[in-house]
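Chain order of the listed sequences is A and B.
If you use this note's numbering, the first sequence corresponds to residues 127 to 506, in order.
If you use this note's numbering, the second sequence corresponds to residues 75 to 363, in order.
All C-beta atoms, glycine included, are put in the ideal place defined by N, C-alpha and C.
Just so you know, these numbers come straight off a predicted model, no measurement behind them.
Some notes on the structure that comes next.
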Amino acid sequence: MKLHEYQSKRIFAQYGVPIPNGEVATTPAEAKAIAEKLGGRVVVKSQVLVGGRGKAGGVKLANDPAEAEAVAKKILGMDIKGLTVEKVLVDEAADIKQEIYLGIVIDRAIHKPVFIASSEGGVEIEIVAKENPDAIIHLPVDPLLGMQDFQARNLAFDLGLRGKLINQFVKIAKGLYQAFVESDGSLAEINPLVVTGEGKLLAVDGKMLLDDNALYRHPDLEAMRDRQEEDESERIAREAGLSFVKLDGEIGCMVNGAGLAMATMDIVKHYGGEPANFLDIGGGAKAEKVAAALRIILADPKVKAVLFNIFGDITRGDEVANGILQALEEVKTDIPMVARLVGTNEEEGRAILQAANFPSASSLSEAAQMAVTMAKGEQV
Amino acid sequence: MSILVGKDTRLVVQGITGREGNFHTQQMIEYGTNVVAGVTPGKGGEWTLGVPVFDTVKEAVETQGANTSIIYVPARFAADAIMEAADAGIELIVCITEGIPVLDMAKVRTFLDQKDARLIGPNCPGLISPGEAKVGIMPAHIHKPGKVGLVSRSGTLTYEVVQALTDLDLGQSTAIGIGGDPIIGTNFIDVLKLFEADPDTEHVVLIGEIGGTAEQKAAEYIAKHMSKPVTSFIAGRTAPPGKRMGHAGAIIQGGEGTAAEKIAALEAVGVKVATLPTEVAELVKASMG
């Protein structure tokens, strides 16, 4: 789950990371009032869950409250990569002397959280990684011990910080780590962490991604979810416990297992079709989940045929078959479908489908070819 | 012969009285796996499917000599179950559970570094040495004993390839699903090493998917250390990029983890990469003659 900049920064602040004074506005008048309260120059920042807000014109400086109002009027309602700006963050403008990148992710290879830092902050870290990989510092943290002071000091020195900035940085790095761990983050990022004209460190921009598998223990964070993050069908799928990605093709796919779901898409393409989606019903899916998945697939008006590919293990063929039939009772449709059902309880599953005259295939290749033919409106 | 599980396996099932745990215990027993104990805290002293249930893994090890564990407990209890098994002296822990928070797994892996236990998974189908033992949830009937070793990040896709192999009369020594989570206990290289050393594995099949760099690292290992032929399939050639991977994530992975990158890395070290799952079996057949 993604958090907005203002949400991420507020979490960081709870862990002692200094952030600019600022508030969120949903109207130009509110933006003006906030700017009046803050006094001086402000920056008005669109709050949408995509990168590249600055380039899209969604971040602007304002010298006084009247300008803040005018700028907010332009930004609110703006479309940034398909998302409508509904909120802006009005922050005190910082006096920037230097920009640093500081982030934490999980390193799969060493199975530990790792700090990524660079003295070349303020730009996209991927670009730094590509053009100047030596400018990126990696620091793994033992998840049982947590971030130690000496590690944070080493990181500060490696970033070229000196004097009073060292202790400020130690506090920020440890705070960010704590925020990452206690929120079950998959990414916590300050970019840029700036050195101000007064010689203070300040987290000017922030970003957090949360581990969806851990949200059950963070109802407060779950409540921060922005419905704009995902399209309607992806949201319904997530709430049903399905892994779903909408694509542009005409063949709806329902598969158990992510690897097999991707292979199924590959095979549909191989036989000249275009998958309408990636959909993994997960392990052990019951009839209700299968029914929910089918409703999501059929809600897409582009879908011309549906392919079920189930290789039963902890997911059982009979339960999937019952789910398909149950869904078809609720959702009346003329869209042709084919099921390929093998593995655990395959005979029971096939018998259920056969009794209902539901077309089935014995191999994945055969099922994919049938689905492609059906999508063209031809008989199989 | 086989790797990791076989006739010497003495299995304890953690979560044996749960719906999935019980169903799959029955399937494993039917296949001939030596299930010596089950564990469900609070249900010690009961019996299910002819198997004694204990409150702790420690008791199962002490009383029944369990050396392998399989875990079916829900995600929020699974990290604890893995550590309990390792602490009790279990040598091989297979965790089927999906949805374990990644920071829990980071702690578990660091804990396991101090123990002598090997973890397979989590979020995996387990492993099977056909004709000897099944420690997992895979449909047993598609397998047959033989000389092809399989290792895969995916569950159901592995069955697809196993089925294709069996259809061409190519049996398997051991088939292992290592799991698709960001943090797993055993990786491709660990398993390649075991297959290379196993006298009864003649050919290895590696099944990968998009994301991360595990396949590229496996390719480097194959080039340096594998004398046995390897055939591969990578799922996700047509997947749209950037749907799952976060910002700084791509850096640490050292690339976007596309299927094209992985296929190129494997082909560069002489691995044959199939376009369709069924084609894997044809390539293995051609290679084994």
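Legend entry - Rounded C-alpha distance that separates Glu335 (chain B) from Asp129 (chain B): 48 Å
Legend entry - Whole-Å CB distance - Met500 (chain A) paired with Thr312 (chain B), under 8 Å assumed: Actually they do not touch by this definition, with Cβ atoms about 19 Å apart.
Legend entry - Environment of Leu166 (chain B) [buried if 16+ CB atoms lie within 10 Å]: buried
Legend entry - Buried versus exposed, by CB contacts within 10 Å (16 or more), Asp444 (chain A): buried
Legend entry - Contact set for Ala134 (chain B): own chain, Cβ-Cβ below 6 Å, skip 5 residues either direction: Val86, Ala111, Val113, Phe128 and Ala140
Inset, instruction - Could you tell me whether the region 301-313 of chain A touches the region 222-237 of chain A, where touching means 3 or more Cβ pairs closer than 8 Å? - result: yes
Inset, instruction - Over the uninterrupted beta strand (DSSP E) stretch that includes Met463 (chain A), give me the two end residues. - result: Met463 to Gly469
Inset, instruction - Determine, using beta carbons only, whether Ala324 (chain B) comes closer than 8 Å to chain A. - result: Residue confidence is low: Ala324 (chain B) scores 40 on pLDDT, short of 50, so the model does not pin down where it sits. Its coordinate-derived value is still stated next. At least one chain A Cβ lies under 8 Å of Ala324 (chain B).
Inset, instruction - Using a threshold of 8 Å, state whether the C-beta atoms of Ala402 (chain A) and Leu373 (chain A) are closer than that. - result: yes
Inset, instruction - Compute the Euclidean distance between the alpha carbons of Thr441 (chain A) and Leu215 (chain A), then round it to the nearest angstrom. - result: 46 Å
Legend entry - Distance, Leu451 (chain A) Cα to Glu472 (chain A) Cα: 16 Å
Legend entry - Coarse secondary structure for Ala324 (chain B), derived from DSSP in three states: Only weak support exists for where Ala324 (chain B) lies, its pLDDT of 40 falling under 50; the coordinates are left without a value.
Inset, instruction - State the Cα-Cα distance for the pair Met319 (chain B) and Lys117 (chain B), rounded to the nearest angstrom. - result: Since pLDDT at Met319 (chain B) reaches only 34, below the 50 mark, its modelled position is unreliable, and the value read off the structure follows with that caveat. Cα to Cα, Met319 (chain B) sits roughly 42 Å from Lys117 (chain B).
Inset, instruction - State buried or exposed for Leu187 (chain A), treating a residue as buried only when at least 16 other CB atoms are found within 10 Å of its CB. - result: exposed
Inset, instruction - Evaluate contact between the region 240-250 of chain A and the region 197-215 of chain A, counting only Cβ atoms and requiring at least three cross-stretch pairs below 8 Å. - result: no
Legend entry - Boundaries of the alpha helix (DSSP H) in which Lys135 (chain A) is found, first to last residue: Glu131 to Gln140
Legend entry - Whole-angstrom distance between Met127 (chain A) and Gly177 (chain A), CA atom to CA atom: 15 Å
Inset, instruction - Using the Cα positions of Thr305 (chain B) and Glu257 (chain A), report the straight-line distance between them to the nearest angstrom. - result: 35 Å
Inset, instruction - Using a Cβ-Cβ cut-off of 8 Å, state whether His321 (chain B) counts as contacting chain A. - result: Only weak support is given to the placement of His321 (chain B): the predicted model assigns it a pLDDT of 33, under 50, and the value that follows is read from those uncertain coordinates. Yes, His321 (chain B) counts as interfacial toward chain A.
Inset, instruction - Kindly indicate which residue of A:Glu492, A:Leu202, A:Ala159 and A:Val170 has the alpha-carbon position closest to the one of Thr152 (chain A). - result: A:Leu202
Legend entry - Spatial distance of Phe404 (chain A) from Val468 (chain A) (CA atoms): 20 Å
Inset, instruction - For Ala334 (chain B), decide whether its Cβ has a neighbour in chain A, counting only Cβ atoms nearer than 8 Å. - result: no
Legend entry - Cutoff 6 Å; reference Gly449 (chain A); Cβ partners in own chain excluding five residues on either side: Ala413, Val416 and Ala417
Inset, instruction - Would you please state the rounded distance, in angstroms, between the beta carbons of Glu250 (chain A) and Pro318 (chain A)? I believe it to be under 8 Å. - result: Not a contact, Cβ separation roughly 11 Å.
Inset, instruction - Using only alpha-carbon positions, find the residue among A:Asp357, A:Ser359 and A:Leu336 that is nearest to Met350 (chain A). - result: A:Leu336
Legend entry - Distance, Leu177 (chain B) Cα to Thr99 (chain B) Cα: 29 Å
Inset, instruction - Please check if any C-beta of chain A sits within less than 8 Å of the C-beta of Glu104 (chain B). - result: no
Legend entry - Check whether Val170 (chain A) and Ala194 (chain A) have beta carbons under 8 Å apart: yes
Inset, instruction - Scan the region 166-194 of chain A and note each continuous beta strand (DSSP E) run of 3 residues or more that stays entirely inside, going in chain order. - result: 168-172 and 185-188
Legend entry - Cα-Cα separation, Gly399 (chain A) to Ser76 (chain B): 40 Å
Inset, instruction - Could you pull out every residue in the same chain whose Cβ sits closer than 7 Å to the Cβ of Ile103 (chain B), ignoring the five residues on either side in sequence? - result: Val109 and Leu123
Inset, instruction - Please determine, among B:Ile216, B:Ala292 and B:Ala162, the residue with the shortest C-alpha to C-alpha distance to Leu231 (chain B). - result: B:Ile216
Inset, instruction - Could you tell me which chain A residues have their CB closer than 9 Å to the CB of Leu350 (chain B), listed as they occur along the chain? - result: Ala389, Asp392, Ile393, His396, Leu490 and Ser491
Inset, instruction - Report yes or no: do the region 175-190 of chain B and the region 255-271 of chain B share at least 3 C-beta pairs separated by less than 8 Å? - result: yes
Inset, instruction - Give the range of the alpha helix (DSSP H) segment to which Lys221 (chain B) is assigned. - result: From DSSP, Lys221 (chain B) is part of no alpha helix (DSSP H) but of the beta strand (DSSP E) over Pro219 to Ser226.
Legend entry - Cβ contact (3+ pairs, closer than 8 Å) linking the region 209-229 of chain B and the region 281-290 of chain B: yes
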